[in-house]
Amino acid sequence: MIRKSSALGFLAVAVVLVAFPFLGTSAYQVSLASTVLVAAILASSVNFLAGDGGMGSLGHGAIAAAASYGAGWASMQSQSMTMQIVIAMGTGILASLAYGLLSMRTNGIYFLMVTLAVGMVIYGLAYRLSSVTRGENGITGIKRPELLAEPWAFYLFVVAAFLVVTVGLLVVSRSPFGASLRGIRDSESRMRSLGYYVPAFKLGAFMISGTVASFAGLLSVWHTHFVSPSSAEVHRSVLLFVMVILGGLGTTMGPLVGAAIVVLVENVVSNSFERWPTLLGVIFILAILFARSGLVGSAAKLLERWRKRSDAGRTPADSASTDATVSGSIPSA
Amino acid sequence: MFEPVFLAQQALNGLSFGALLFLLASGLTLVFGLQRIVNLAHGAFYMLGGYIGVIIATTTGNLALAALVSMIAVGVTALVVELGLLRFVRGQEMPEVLLTIGVMFVVADLCLAIFGGDPKTLPSSAAISGALQVGTLTYPLYRIFVIGVAVVVGILLALVQSRTRIGAIVRAGVDDREIISAMGVNISWVFTGMFVVGAALAALGGTVGSGVLSIRPGTQNDVLLYALVVIIIGGLGSIKGAAVGAALIGVIDAFAKAWIPEFAYFTIFAPMALVLVFRPTGLFGRAA
Numbered sequence: 001m002i003r004k005s006s007a008l009g010f011l012a013v014a015v016v017l018v019a020f021p022f023l024g025t026s027a028y029q030v031s032l033a034s035t036v037l038v039a040a041i042l043a044s045s046v047n048f049l050a051g052d053g054g055m056g057s058l059g060h061g062a063i064a065a066a067a068s069y070g071a072g073w074a075s076m077q078s079q080s081m082t083m084q085i086v087i088a089m090g091t092g093i094l095a096s097l098a099y100g101l102l103s104m105r106t107n108g109i110y111f112l113m114v115t116l117a118v119g120m121v122i123y124g125l126a127y128r129l130s131s132v133t134r135g136e137n138g139i140t141g142i143k144r145p146e147l148l149a150e151p152w153a154f155y156l157f158v159v160a161a162f163l164v165v166t167v168g169l170l171v172v173s174r175s176p177f178g179a180s181l182r183g184i185r186d187s188e189s190r191m192r193s194l195g196y197y198v199p200a201f202k203l204g205a206f207m208i209s210g211t212v213a214s215f216a217g218l219l220s221v222w223h224t225h226f227v228s229p230s231s232a233e234v235h236r237s238v239l240l241f242v243m244v245i246l247g248g249l250g251t252t253m254g255p256l257v258g259a260a261i262v263v264l265v266e267n268v269v270s271n272s273f274e275r276w277p278t279l280l281g282v283i284f285i286l287a288i289l290f291a292r293s294g295l296v297g298s299a300a301k302l303l304e305r306w307r308k309r310s311d312a313g314r315t316p317a318d319s320a321s322t323d324a325t326v327s328g329s330i331p332s333a
Numbered sequence: 334m335f336e337p338v339f340l341a342q343q344a345l346n347g348l349s350f351g352a353l354l355f356l357l358a359s360g361l362t363l364v365f366g367l368q369r370i371v372n373l374a375h376g377a378f379y380m381l382g383g384y385i386g387v388i389i390a391t392t393t394g395n396l397a398l399a400a401l402v403s404m405i406a407v408g409v410t411a412l413v414v415e416l417g418l419l420r421f422v423r424g425q426e427m428p429e430v431l432l433t434i435g436v437m438f439v440v441a442d443l444c445l446a447i448f449g450g451d452p453k454t455l456p457s458s459a460a461i462s463g464a465l466q467v468g469t470l471t472y473p474l475y476r477i478f479v480i481g482v483a484v485v486v487g488i489l490l491a492l493v494q495s496r497t498r499i500g501a502i503v504r505a506g507v508d509d510r511e512i513i514s515a516m517g518v519n520i521s522w523v524f525t526g527m528f529v530v531g532a533a534l535a536a537l538g539g540t541v542g543s544g545v546l547s548i549r550p551g552t553q554n555d556v557l558l559y560a561l562v563v564i565i566i567g568g569l570g571s572i573k574g575a576a577v578g579a580a581l582i583g584v585i586d587a588f589a590k591a592w593i594p595e596f597a598y599f600t601i602f603a604p605m606a607l608v609l610v611f612r613p614t615g616l617f618g619r620a621a
C-alpha cells in the first residue's frame, strides 16, 4: 500500500527530527521546534477530519485548550501527575463529544459554523468561569512529569508523539473506517443508501480527531506550563486550518510543514515585522488561489510530473496507482 | 432581582442588543441565502465600519454622515474583495469560506495598524443623548434609537425583497440560479451587489453599535460569534429568522449577563444546541 519513496521520506523526516537537538542548536531553537511539533500534532487532527472526512473544523484550538485547562485545574488542586493526565484527556474528550454530538448531522458550511460556535463557547467559559479557570490571568505553574523535565527530553518525547500520531492517523485513514469516511466525504447520500449510518461515522471520526487534539493540548501545557483564554480563541483554530491548507490538505507531512511556516511567522518574523497577521493572511489567500493542494501536495504533484517524464515509455502502468497520494484538493462539499 | 424596573431595563437592554445583532446578522444571512457562502470576514467588516464611523462622527459630530461614509467605505472594500478574490473561487464552498478567513485576518490586522489598539466609542456629541423616563425607569434614548434603526432596516429589507423587481431577482436567484441566468439576468452581478449590501449593513451595525459596545481589536470575533448563533437559530438565508433569532439571543444574553454572568456565553449556546438537535435548518430555514 505505502509506496517505498514516501516511507523513505517519512523515515528521513523522523531522523532529522530526532537529530535536531544534537546539531548544535540553541535551547531557544529546540523549544521553538517543540512548539512546531505540538502545533503539527494538533494540525494533524484537523487534517484527518478535513482530509478524510471532508469536515472542516474551526474549533480544534478550543478542544486542545479544554484539555490544557483540565491539566491546569488538576494541577491547581495538586492532583497527582496520573490524575492530571486523566483529567486533561477527559476534559478534552468530553469537549470533543459535545462538538461531535452537535455537529454529526451537519456537513460543509454548517459543520464549520457549529464547530466555530462551540469553540467560541469554550473560549467564553475559559474567560468568564473564573472560579475554575482563573479568568483572564490563566493558570500558571503547570508542571510536566519529572522524566520529561529536561527540554531535550521533552522535545524527543514530542517527536515520538508526533510520529506515533502521524502513523496512527495514517493507519486509521487506510482502514475500512477511513475508506467509509472518504465515501461519506465524496457522497453522503450514496453512503446512506448503501446502509451506512452516517452520523455515527462522523461522530467516530470526530472523537478520534478530538482525542489527538486533546493530547496536543496536554503537550502544549507541558511545554509552556501555562494556559490562558487566548489559547481557546477562534484565532488559534483558524491558524490550525491555515497550517493544514498551507501544508496540503490530506497529505501526511502537510501539517508539519504548515505548522513550521505558521509558527515561524508568528514567533520569528513577528520580531522584525509587526504586521505578521497581514502577512499570514496574504500567504493564506495566495495559497487558496494558486496552490490549492498546499506546499506538500504541490511538491508531490511536481515530483510526479517529473517522474512521469523521466519514466516515459518505460513503465507507464506504474504511475497510475500513485494518484491516491496526491489527494490534496479541498473538498467542495 | 425580579423588580419590574430591573426586568424592564434588562428587557430593553436585550432588545437593543438584539437590534444590533439584527443589523449584523441580516447582512450575513442575505449573502448566505443567495450565494451559499458564510462570509467570516463579516465581523471584520463590522469592525472596520465601526472605526470609520467613530472617526467621522468625532470630526463632524454627525451620526448620519458617519454611517453613510462608513457604509460606502466598507461597501467599496467588499466590492474589491468580491471582484478581486471571491469571483475566482465562485461555487466552491470551502475555498470561498477560507478566503473570507484570509480577508478577516488582513482587515482586522490593518484596522489595528491604522486605528490603534485602544477601544473606540461613538462620541457623545454625535450620539443621541438624554434618557427615556417612565415612572422610576430611566433608559438611555440612544439604545431606543438603535432599536428604531433595526426596525426600519428590517422593514425596508422585507419590502425590497417582497415588493421590488430587485427583490424578485434575488428571490429567484435563491431558488434557481440557472433559470434566472437563462432568463437574461447577470446573476454574477447580483451576487456582487448582495455581497456589497451585506458588508454595508455590517458597517451600519458597526457605526450605530459603537455607541453601545466599544470597537477594539477582537471585536470582529465577538460579533461574528453572535451573528453566527443568530443565523443558525433563525435559519440561514431568512430575514425573518434573523429578526427572531436576534431578539431571542439579545434578550437571553441580557438576562444571563445580569443573573448568571459566569455562564453568559453558555446560555446563548444552549438555544443554538437545541435548535440544531431538533430543527437543524433553523426556525425559519428551508432544507438546502
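Note that the protein sequences, when read in sequence, are chains Z and A.
Quick note, the first sequence lines up with residues 1 to 333 if you use the working numbering.
Quick note, the second sequence lines up with residues 334 to 621 if you use the working numbering.
Glycine included, C-beta positions come from ideal geometry on N, C-alpha and C.
query	result
I'd like the span of the beta strand (DSSP E) that includes residue 466 of chain A, first residue to last.	464-467
Once you ignore the five residues that flank residue 366 of chain A on each side, which residues in its own chain have a CB closer than 6 angstroms to its CB?	507 and 570
Does DSSP classify residue 229 of chain Z as helix, strand or coil?	helix
I need the DSSP call for residue 252 of chain Z, collapsed to helix, strand or coil.	coil
Looking at the C-beta of residue 128 of chain Z, does it have a partner C-beta in chain A at a distance below 8 angstroms?	yes
Find the residues of chain A that neighbour residue 280 of chain Z, judging by a C-beta separation of less than 7 angstroms, and give them in chain order.	438
Leaving aside the five residues before and after residue 411 of chain Z along the sequence, list all residues of the same chain whose C-beta is less than 6 angstroms from its C-beta, in chain order.	Lying before the first or after the last residue shown, residue 411 of chain Z is absent from chain Z, which here runs from 1 to 333.
Check for me: the beta strand (DSSP E) holding residue 473 of chain A runs from which residue to which?	470-473
Per the DSSP calculation, residue 140 of chain Z is bridged to which residue(s)?	Z:226
Would you mind telling me which residues of chain Z sit closer than 7 angstroms to residue 448 of chain A, beta carbon to beta carbon, in chain order?	Here the premise fails: no neighbours, minimum Cβ distance about 14 angstroms.
Under a three-way DSSP split, which group does residue 593 of chain A fall into?	coil
Could you name the residues of chain Z that residue 558 of chain A contacts, counting a contact when the two beta carbons are closer than 7 angstroms?	117 and 120
Cβ of residue 246 of chain Z within 8 angstroms of Cβ of residue 273 of chain Z?	no
Excluding sequence positions up to five away, which residues of its chain have a Cβ less than 7 angstroms from the Cβ of residue 106 of chain Z?	114
Which residue's Cα is closest to the Cα of residue 242 of chain Z: Z:67, Z:190 and Z:266?	Z:266
Answer yes or no: do residue 220 of chain Z and residue 64 of chain Z have a C-beta to C-beta separation smaller than 8 angstroms?	yes
Is it right to say residue 73 of chain Z is buried, meaning 16 or more other beta carbons lie within 10 angstroms of its own, or is it exposed?	buried
Buried or exposed, going by whether 16 or more other CB atoms sit within 10 Å of the CB of residue 486 of chain A?	buried
Going by DSSP in three states, residue 548 of chain A sits in which element: helix, strand or coil?	strand
Between A:389, A:535 and A:370, which lies nearest to residue 448 of chain A when the distance is taken from Cα to Cα?	A:389
In chain order, what are the residue ranges of uninterrupted alpha helix (DSSP H) at least 4 long that sit wholly in the region 125-189 of chain Z?	130-133, 151-174 and 176-186
Determine the direct distance from the alpha carbon of residue 42 of chain Z to that of residue 260 of chain Z, and round the result to whole angstroms.	12 angstroms
For my contact list, residue 232 of chain Z and residue 61 of chain Z are in at a C-beta cut-off of 8 angstroms; report their separation, rounded to the angstrom.	6 angstroms
Give a yes or no on whether 8 angstroms exceeds the smallest Cβ distance from residue 421 of chain A to chain Z.	yes
For residue 357 of chain A and residue 618 of chain A, what's the separation of their Cα atoms in angstroms?	18 angstroms
Considering residue 499 of chain A, what are the terminal residues of the alpha helix (DSSP H) in which it resides?	498-508
Alpha carbon to alpha carbon, how far is residue 51 of chain Z from residue 251 of chain Z?	8 angstroms
Expressed to the nearest angstrom, what Euclidean distance is found between the alpha-carbon atoms of residue 278 of chain Z and residue 591 of chain A?	38 angstroms
Are the C-beta atoms of residue 144 of chain Z and some chain A residue less than 8 angstroms apart?	no
Specify, as a first and last residue, the run of the alpha helix (DSSP H) that residue 429 of chain A falls within.	426-448
Would you kindly work out how many angstroms separate the C-alpha atoms of residue 342 of chain A and residue 174 of chain Z, rounded to a whole number?	59 angstroms
Which residues of chain Z have a Cβ atom closer than 7 angstroms to the Cβ of residue 562 of chain A, listed in chain order?	117
Taking the C-alpha atoms as reference points, what is the distance between residue 209 of chain Z and residue 109 of chain Z?	19 angstroms
Taking Cβ positions only, does residue 335 of chain A come closer than 8 angstroms to chain Z?	no
Classify residue 286 of chain Z: buried if its beta carbon has 16 or more other beta carbons within 10 angstroms, exposed otherwise.	exposed
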